[in-house]
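Okay, so the sequence shown: first residue is 16 according to the numbering used here, each after it adds one.
Notes to accompany the following structure.
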Amino acid sequence: MAAQTKIYQVLSDENVKKRAEKWTVYLSFFLFIGHLILIALRNTFPEALYLQSLNPNYLAALYTPFSVILVYEVYLLILALPLSFSNSIRKQYEIISLIIIRRVFKDISMFDDFEQIAEQKEVIFQIASDLGSGLLLFFLVGVFYQVSLKRKKLKSLSEDEIKRFVYLKERVALLLLIIFTSLTVLSVYEFGSEVYQLIFFDEPFTLDLNVIFFVEFYTVMIFADVFIFIASFMFSQTYARLLRNAGFVCSTVILRISLSADPEFSGWIAATALLTGILSQLIYVYFSKLEEQESD
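Now the structure itself:
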C-alpha cells in the first residue's frame, strides 16, 4: 500500500512533470517536422505510391503535435484525480475542447484549393461547426473554473477520512495510468498496423484519428468517476456533494457520447456536458452557502 502511494508521489512530482512536459515539446517538434518532410516528399515524388495516401496539404501537419500534447494532458488529468474531483473533471473538459479544436486543423487541410473556398461548402460548414463549438467549450471551461473557485468545501470529513479518501483516489489514479499506458501502446500498434497495410497491401486507412484512443479512455473514465462517486458516499453523505458528483458522472457520460456522435454535432453535445458540470457545481456552491448561513 505504501509502495503504491510512493509511486504516485514520484509520478506527480513537479520535477517529473516538468521533464515529461519538456519531452512532450521535443516529441511534438520532431513529429511535426517529420510530418512536414513526408508531405514534401509526397508532393515532390508523385511516383512514390506508398506516400500518395498522405494529405498533400502542409496544414495537415498541424494535427500531429496537437495529438502529442493531448496525450500529455491525459497524463495530467490522471494525476489531478486524487487532488480534487472538480479539477479532474475540469481537465476532462479541457481535453475534449482540445480534441474539437484539433479537428479544426484537419478540417482546414481538407481544402483542395484555397482560391475556390466558396465552392467547398461542406468543408466550410464543418470548420465553422468545429471552431464555433470549440470556442464555446473554451469559454465554458473558464466558466466552470470560475464557479469552482467560489465553492466552499462542506465540513463533513475528518482529517483521517480525507487522508483515506485521497489514498483511495491515488490507487484509482495508478490503475488509470496502467490503463492509459496500455491504451497508448494499443493505439500506436493499431496506427502502425493500418499504415503497414496501406503501404504494402494498398488497404484503405480505416482508423478515425479524431477519436482513436480517446473513445476508450473516456469509457474508462466513466467507470473511474462512478467509483469516485461511490467512494464519496462511503466517506460523506452530504446531499450537495453527492448531487454534484452524480452530475459530474453524467457529464462524463455525455462527453463519451459526444466522441461517438457525428462530427458536426459532437462539439455541441460536449458543450451540453460542460453545462451539466457547471450547473452541478453551481448547485453545490448554493448549498455550501446555505450551510454556512445555517452555521452562523
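Even glycine gets a Cβ: it sits at the ideal position worked out from N, Cα and C.
Treat the numbers as computed from the prediction; the structure is a model and nothing was measured.
query	result
6 angstroms CB neighbourhood of serine 124 in its chain, flanking five on each side removed	Asn70, Asn72, Leu74, Ala75
Cα-Cα separation between histidine 326 and threonine 79, rounded to whole angstroms	In the structure displayed, the chain extends from 16 to 311; residue 326 sits before or after that span and is not available.
For aspartate 277, the first and last residue of its enclosing alpha helix (DSSP H)	No alpha helix (DSSP H) holds aspartate 277; DSSP gives it neither H nor E.
Nearest-angstrom Cα separation, counted from glutamate 279 out to glutamine 141	6 angstroms
Inter-residue Cα distance where the pair is valine 264 and threonine 287	13 angstroms
Neighbour-count burial assignment, isoleucine 293, 16 or more Cβ in a 10 Å radius	buried
Through-space distance from threonine 196 to phenylalanine 153, alpha-carbon basis	27 angstroms
Environment of aspartate 145 [buried if 16+ CB atoms lie within 10 Å]	buried
Rounded straight-line distance, which links the Cα of glutamate 307 to that of serine 202	48 angstroms
Proximity to leucine 42 [Cα-Cα], best of Leu85, Asp175, Asn58	Leu85
Residue nearest to serine 101 in terms of C-alpha spacing, selected from Leu257, Gly282, Tyr23, Lys136	Leu257
Tyrosine 254 classed as buried or exposed, judged by whether at least 16 other C-beta atoms fall within 10 angstroms	exposed
Through-space distance from alanine 143 to lysine 304, alpha-carbon basis	40 angstroms
Close-in-space but distant-in-sequence residues of the same chain around phenylalanine 242 (CB under 7 angstroms, 5 per side omitted)	Val187
Runs of alpha helix (DSSP H) wholly within the segment 87-150 (minimum 4 residues, chain order)	100-123
Leucine 189 and alanine 246 closer than 9 angstroms at C-beta	no
Where serine 303 sits in the DSSP three-state scheme	helix
For phenylalanine 215 and aspartate 240, the rounded distance between their alpha carbons	42 angstroms
CA nearest to the CA of leucine 290, picked from Leu26, Leu96, Pro61, Ile104	Ile104
With 16 other Cβ atoms within 10 Å as the buried cut-off, status of lysine 33	exposed
Residue range of the unbroken alpha helix (DSSP H) whose run includes isoleucine 54	29-59
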